[in-house]
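Trainee:
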Amino acid sequence: GAVEACERAAGLAERMGAIKAVKLAVAGAFHSQFMSPAADAVADALKNTRLGNPQCKVMANINAEYYGSKNEISQGLVKQLTSPILWQKCCENMIADGIDVFIEIGPGRVLTGLMKRINRKQKIENISTIGNIETISKN
3 GAVEACERAA
13 GLAERMGAIK
23 AVKLAVAGAF
33 HSQFMSPAAD
43 AVADALKNTR
53 LGNPQCKVMA
63 NINAEYYGSK
73 NEISQGLVKQ
83 LTSPILWQKC
93 CENMIADGID
103 VFIEIGPGRV
113 LTGLMKRINR
123 KQKIENISTI
133 GNIETISKN
């Protein structure tokens, strides 16, 4: 949210007995209405982008359902910028559908940690370096 509103909320939470309010270090107000200008820009860009229907299952994080068409993908990409995402529900649905290996690609291990909280038994690979790719491809 807005910095001032977050500061007021943190103060109120502490006055009501919260032990501590922590400001999250994030790069942007993703998945909130603050991203509306970006969503408009993405919608415009997608109008001139050729997309095909999915060739494999791709789950939308806005409703934890699989995309069925290129139109659903375009709409979902725009909507996810301003909508809450259903990360846990997506993971639970994929596990229920028999997905048994998850791979996090990119720096850090945030999503790996989140998956461990959802289901500690899931196999999770993390690719954050070229070396990681080489190690996983040997497995």
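Mind the numbering: the sequence shown is residues 3 to 141 in this note's numbering, read in order.
For every residue, glycine included, the Cβ atom is placed at its ideal position computed from N, Cα and C.
What residue does the beta strand (DSSP E) around Asn65 start on, and which one ends it?
Mentor: Careful: Asn65 lies outside any beta strand (DSSP E) and carries neither H nor E.
Trainee: Helix, strand or coil: how does DSSP classify Val5 here?
Mentor: Residue state, collapsed to three classes: helix.
Trainee: Can you tell me the Cα-Cα spacing of Ala23 and Gly13, whole angstroms?
Mentor: Rounded to the nearest angstrom, the two C-alpha atoms are 8 Å apart.
Trainee: For His33, collect the residues of the same chain with a Cβ closer than 8 Å to its Cβ; drop the 5 residues on either side in sequence, then sort them by chain order.
Mentor: Gln82, Leu83, Thr84, Ser85, Pro86, Ile87, listed in sequence order.
Trainee: Report the rounded CA-to-CA distance for Asn63 versus Ala20, giving the unit in angstroms.
Mentor: Approximately 31 Å, taken between the alpha carbons.
Trainee: Tell me the residue span of the beta strand (DSSP E) that contains Lys125.
Mentor: Element bounds for Lys125: 125 to 129.
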